[in-house]
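One structure is given below, encoded as structure tokens.
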Amino acid sequence: MPRHPDAVITPNTLLSDSRLQMASPLRPGQRMSRPELADAINAALDRLYPGRDLTAHYVDFRWIGKLERGETRWPSDQRRAALRHVLGATTDTQLGLYVQRRSDRVQEGPFHGSPGGWVHRPSQLAPRPIRPIPNAQQPSSAKRLAITSPAHLEQILLHLREQWHALVKTDNLLGPRFALAGVLNQISVVEALRSVLRDEQRLEVVRLGAQYAESAAWLYEDAGNIAQTRYWTNLAMEWAHEGDDERMVAWTMFRRSQQAAATPNAAQAIGLAQAARRNEEQLATPTRAAIRVQEAYGHALGGDEYASQRLLDEAHTWAASDTVGDAHEGHGSYCTPGHIEIERATCWLTTGKPKKAIRLYEDALRTLPPVYQRNRAAALSRLAVAYLVDGQPEQAASTAHVALPIARSSGANRIFEEIKGIGADLAPHRPLQPVAALLDDLHSEDA
């Protein structure tokens, strides 16, 4: 729609900020570019309108630029739907999209044209939302699932449960880049079922939805998108409460504790972990272990070594024995004895004891089951930090270099960014061959 001739053109910062919060699908550690957003919109048009020729609505990077500069504010219905889908918005307002009318120009009157004249800028007045990620589309009546019998429904639910375990293993083996699409696809099935089921059948689906929503939260966190992580964590908690699933409520509280620790907020991390295990006799044993490990890290952030080490010792009582990586023992199945010792090393590193951390990392990495490839990369990255703090730049560079290809291929931008930080700290040691090799490899990614 052409803008009103008197409309004031202001940059659409809501839209550009939304794009810049999205990870690049092709360049680990980078933000989504305008050409990448254009490609994603064109792909979304084909997905949202199957069987229709939408080529007339395809866009390119120049169109994205016009939109972000505010030269146009109200694209076609199809383009707006694709934008919302790709950027995870639920309304046009969240992306700074609106019909430009006469009210959008400078107000006429005694202040018109003066430096103090009031200008209506919807893009600046609209609240900045915590944006959801590309969410499963709410099914229309034409897209709702047809449930032909109770047996049919039971087979769908069985499939969803099996797929969840398979996707957990996909994440452990290959990382968020390869697991996220599958999780979102299954959430679309959950959403379709939620719209047609009632009573106990609906509650069962909602409980499964909470599991998938929490998985989406974790995958986006690992990919480095915190705003989307919060959205899915909140949705997982909402569905867990709706489904009266106390185990899932506890797990989402645990995840909130992890997110608090990342800020870092030691007191909140400890408090949320303690809340997560308030009724722990109802929890699966691996979950009890994982929550204690998380609380231990909170105490390490707060400088309380004794409380941290005591909780880690307790965690071994409930350690998992999983070597398959599909969470069949329940949430926290990754929390094996080796994982607990890796986290003990992280706690020692956090409290300023890098030598203790190095020994534990080296020993525990040898026992980590091969399915946990992304966890291996995370542990190697932390070991590299420990070497760096301990004044061993060559070892730090070599270790980070081993973790780098796993972080890249998996899409675990959280780990990739940590490795980039290690590289920045090692820059003064570039004359050392391992350091130069790491920096050159990192530079090749940026080139």
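Numbering-wise (my numbering), the sequence shown opens with residue 174 and increments by one.
Note that the Cβ used here is the ideal one computed from N, Cα and C, for glycine as well.
Computed from a prediction, not measured in an experiment: that's the story for all the values here.
Next item on the list: Spell out the partners DSSP gives Ala196 in its beta bridges.
Entry: Position 23 of the sequence shown holds residue 196. In the DSSP assignment, Ala196 is bridged to Arg204.
Check: Which term fits Asp495, buried or exposed, when burial requires 16 or more other beta carbons within 10 angstroms of its beta carbon?
Finding: For this step, residue 495 is matched to residue 322 along the sequence shown. Under this definition Asp495 is a buried residue.
Next item on the list: Pull up the CB-CB distance for Val369 and Ile399, whole angstroms please, since I reckon it's below 8 Å.
Entry: The residue labelled residue 369 in the question sits at position 196 within the sequence shown. The residue labelled residue 399 in the question sits at position 226 within the sequence shown. About 34 Å separates the Cβ atoms of Val369 and Ile399, ruling out a contact at the 8 Å cut-off.
Checklist line | Val379: first and last residue of the uninterrupted alpha helix (DSSP H) it sits in | finding: Here residue 379 is taken as the residue at index 206 of the sequence shown, counted from 1. In this chain, the alpha helix (DSSP H) harbouring Val379 covers Asp372 to Asp395.
Note to self: Taking the alpha carbon of Asp417 as the reference point, which residue from Pro437, Gln432, Gln441 and Gly382 has its own alpha carbon closest?
What the structure shows: Here residue 417 is taken as the residue at index 244 of the sequence shown, counted from 1. Asp417 has its Cα closest to that of Gly382, out of Pro437, Gln432, Gln441 and Gly382.
Checklist line | Secondary structure of Ser189, DSSP reduced to three states | finding: Along the sequence shown, one-based indexing puts residue 189 at 16. In the structure shown, Ser189 adopts helical secondary structure according to DSSP, grouped into three states.
Next item on the list: Indicate the three-state DSSP secondary structure (helix, strand or coil) for His504 in the structure shown.
Entry: Residue mapping note: residue 504 aligns to position 331 of the sequence shown, counting from 1. The answer is coil: DSSP assigns His504 none of H, G, I, E or B.
Next item on the list: Could you pull out every residue in the same chain whose Cβ sits closer than 6 Å to the Cβ of Leu340, ignoring the five residues on either side in sequence?
Entry: Against the sequence shown, residue 340 aligns to sequence position 167. Only Ala352, Gly355 and Val356 meet the Cβ criterion.
Next item on the list: Look up Lys342 in the DSSP assignment and say whether it is helix, strand or coil.
Entry: Residue 342 sits at position 169 when you count from the first residue of the sequence shown. Of the three classes helix, strand and coil, the one that applies to Lys342 here is helix, per DSSP.
Notebook entry, point to check: Candidates Ser191, Tyr393 and Leu553: which alpha carbon is nearest Asp536's?
Noted result: By one-based count along the sequence shown, residue 536 stands at place 363. Nearest Cα to Asp536 within the set Ser191, Tyr393 and Leu553: Leu553.
Next item on the list: May I ask which residues mark the beginning and end of the alpha helix (DSSP H) holding Ile399?
Entry: On the sequence shown, residue 399 is found 226 positions in, with the first residue counted as 1. Looking at the DSSP string, the run of the alpha helix (DSSP H) that includes Ile399 is Ile399 to Glu415.
Notebook entry, point to check: Does the segment 521-528 come within contact of the segment 490-510, defined as at least 3 CB pairs closer than 8 Å?
Noted result: Output reads no: the segment 490-510 does not touch the segment 521-528.
Next item on the list: Just the C-alpha distance for Leu330 and Pro542, rounded to the nearest angstrom, thanks.
Entry: In the sequence shown, counting from the first residue as 1, residue 330 sits at position 157. In the sequence shown, counting from the first residue as 1, residue 542 sits at position 369. Using only the alpha carbons, I get a separation of about 30 Å.
Check: Closest Cβ-Cβ distance between Leu533 and chain D: below 9 Å?
Finding: Given the protein chain composition of this structure (a single chain), no chain D is represented.
Checklist line | Beta carbon of Arg380 nearer than 9 Å to that of Met410 | finding: Locating residue 380 in the sequence shown gives position 207, where the first residue counts as 1. Locating residue 410 in the sequence shown gives position 237, where the first residue counts as 1. Contact: no.
Checklist line | Spatial distance of Ala229 from Gln546 (CA atoms) | finding: If you number the sequence shown from 1, residue 229 lands on position 56. If you number the sequence shown from 1, residue 546 lands on position 373. Those two C-alpha atoms are separated by around 44 Å.
Note to self: DSSP three-state label for Thr183, please.
What the structure shows: Taking the sequence shown and counting its residues from 1, one reaches residue 183 at position 10. Here Thr183 sits in coil by DSSP.
Margin query: Quick check on DSSP: helix, strand or coil for Glu453?
Written below: On the sequence shown, residue 453 is found 280 positions in, with the first residue counted as 1. In this structure, Glu453 counts as helix in the three-state DSSP scheme.
Checklist line | For Tyr545, the three-state DSSP class (helix, strand or coil) | finding: Within the sequence shown, the letter at position 372 stands for residue 545. Tyr545 falls in the coil class under three-state DSSP.
Item checked: Local Cβ density within 10 Å of Gln158, reported as buried at 16 or more and exposed below that -> Because the chain here runs from 174 to 620, residue 158 falls outside it and cannot be looked at.
Checklist line | Where Gln447 sits in the DSSP three-state scheme | finding: Counting from one through the sequence shown, the residue named residue 447 turns up at place 274. Taken through DSSP and simplified to helix, strand or coil, Gln447 comes out as helix.
Next item on the list: Could you have a look at Tyr470 and say whether DSSP puts it in helix, strand or coil?
Entry: Counting from 1 along the sequence shown, the entry for residue 470 is found at position 297. Collapsing the DSSP output to three states places Tyr470 in a helix.
Margin query: Going by DSSP in three states, Ile531 sits in which element: helix, strand or coil?
Written below: Stepping through the sequence shown from its first residue, residue 531 is reached at position 358. The answer is helix: DSSP assigns Ile531 an H, G or I state.
Checklist line | Residue from Ala396, Thr425 and Asp395 whose Cα sits closest to the Cα of Leu408 | finding: In the sequence shown, counting from the first residue as 1, residue 408 sits at position 235. Relative to Leu408, the option among Ala396, Thr425 and Asp395 whose CA is nearest is Thr425.
Note to self: According to DSSP, simplified to helix, strand and coil, what is Pro566?
What the structure shows: Residue 566 sits at position 393 when you count from the first residue of the sequence shown. In the structure shown, Pro566 adopts helical secondary structure according to DSSP, grouped into three states.
Margin query: Within a Cβ cutoff of 6 Å, which residues of the same chain sit near Asp265, ignoring the five residues on either side of it in sequence?
Written below: Working through the sequence shown from its first residue, we reach residue 265 at position 92. Excluding five sequence positions before and after Asp265, the CB atoms of its chain that fall closer than 6 Å to its own CB belong to Arg253, given in chain order.
Item checked: Inter-residue CB distance, Leu445 and Ala462 (contact presumed, cutoff 8 Å) -> Mapped onto the sequence shown, residue 445 falls at position 272. Mapped onto the sequence shown, residue 462 falls at position 289. Wrong, their Cβ atoms sit about 17 Å apart, outside the cutoff.
Check: Roughly how many whole angstroms lie between the Cα atoms of Ala211 and Tyr231?
Finding: By one-based count along the sequence shown, residue 211 stands at place 38. By one-based count along the sequence shown, residue 231 stands at place 58. The straight-line gap from Cα to Cα measures roughly 8 Å.
Next item on the list: Starting from the C-beta of Gln172, find all residues in its chain whose C-beta is less than 7 Å away, skip the five residues before and the five after it, and write them out in chain order.
Entry: A question about residue 172 goes unanswered here, because the residues of the chain that appear run from 174 up to 620.
Item checked: Pairwise C-alpha distance: Tyr222 and Ala315 -> If you number the sequence shown from 1, residue 315 lands on position 142. If you number the sequence shown from 1, residue 222 lands on position 49. Unreliable positioning characterises Ala315 in this predicted model, as indicated by a pLDDT of 37, which lies under 50. A coordinate reading is not provided.
Next item on the list: Return the residue from the list Gly397, Gln401, Ala396 and Pro459 that minimises the CA-CA distance to Phe427.
Entry: Here residue 427 is taken as the residue at index 254 of the sequence shown, counted from 1. Of the candidates Gly397, Gln401, Ala396 and Pro459, the one whose C-alpha sits nearest the C-alpha of Phe427 is Pro459.
Item checked: Environment of Ile182 [buried if 16+ CB atoms lie within 10 Å] -> Indexing the sequence shown from 1 puts residue 182 at position 9. Within a 10 Å sphere around the beta-carbon of Ile182 sit fewer than 16 other beta-carbons, which makes this residue exposed.
Check: Count the other CB atoms within 10 Å of the CB of Ala585; is the residue buried (16 or more) or exposed (fewer)?
Finding: Working through the sequence shown from its first residue, we reach residue 585 at position 412. With 16 or more other Cβ atoms inside 10 Å of its own Cβ, Ala585 counts as buried.
Notebook entry, point to check: Exposed or buried, which one is Gly348 when buried takes at least 16 other CB atoms within 10 Å?
Noted result: As a first step, residue 348 must be located in the sequence shown, where it is residue number 175. Burial call: buried.
Item checked: Rounded straight-line distance, which links the Cα of Arg350 to that of Ala255 -> Stepping through the sequence shown from its first residue, residue 255 is reached at position 82. Stepping through the sequence shown from its first residue, residue 350 is reached at position 177. Straight-line Cα distance between these residues: approximately 21 Å.
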